[in-house]
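Heads up: the structure comes next, in structure tokens.
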Amino acid sequence: MEIKITGKIDDPRQRVLAIEAVTRSICDSAGTDPADGIMMLLTAAVHLQSQYSPRPLAENIETLARCLGGATVAAEGFFSLRSVPANGNKEGAK
983 MEIKITGKID DPRQRVLAIE AVTRSICDSA GTDPADGIMM LLTAAVHLQS
1033 QYSPRPLAEN IETLARCLGG ATVAAEGFFS LRSVPANGNK EGAK
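The sequence shown begins at 983 in our numbering and counts up one residue at a time.
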């Protein structure tokens, strides 16, 4: 696998879209559902955070939870997230 990014991506929304595209490509290459990328991204985020934090993971759990909340707010601002009913079906799906 080769991932090559050319140019500079200054816009945060475009950086998120680039990460999403790479994640989809990895899932396609592995033959997995793109939703599998969610776990890949969360695992990578925890790994990155643990590399740069001097504290043990057990002390960082609340920080990671706040970051997930912050990411949800940011994604809503970037992309207008759509709600999913409690039964898990997409709106309009039967």
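Glycine included, every Cβ here is placed at the ideal spot set by N, Cα and C.
| Item | Value |
| --- | --- |
| Reduced DSSP category for A1017 - H, G, I as helix; E, B as strand; rest coil | coil |
| Delimiting residues of the alpha helix (DSSP H) encompassing L1063 | From DSSP, L1063 is part of no alpha helix (DSSP H); its letter is neither H nor E. |
| 7 Å Cβ cutoff met for I991 and A1000 | yes |
| Test item: CB-CB of L1050 and A1057 under 7 Å | no |
| 7 Å CB neighbourhood of M983 in its chain, flanking five on each side removed | S1011 |
| Beta strand (DSSP E) segments (min. 3 residues) lying fully within the region 1026-1061 | none |
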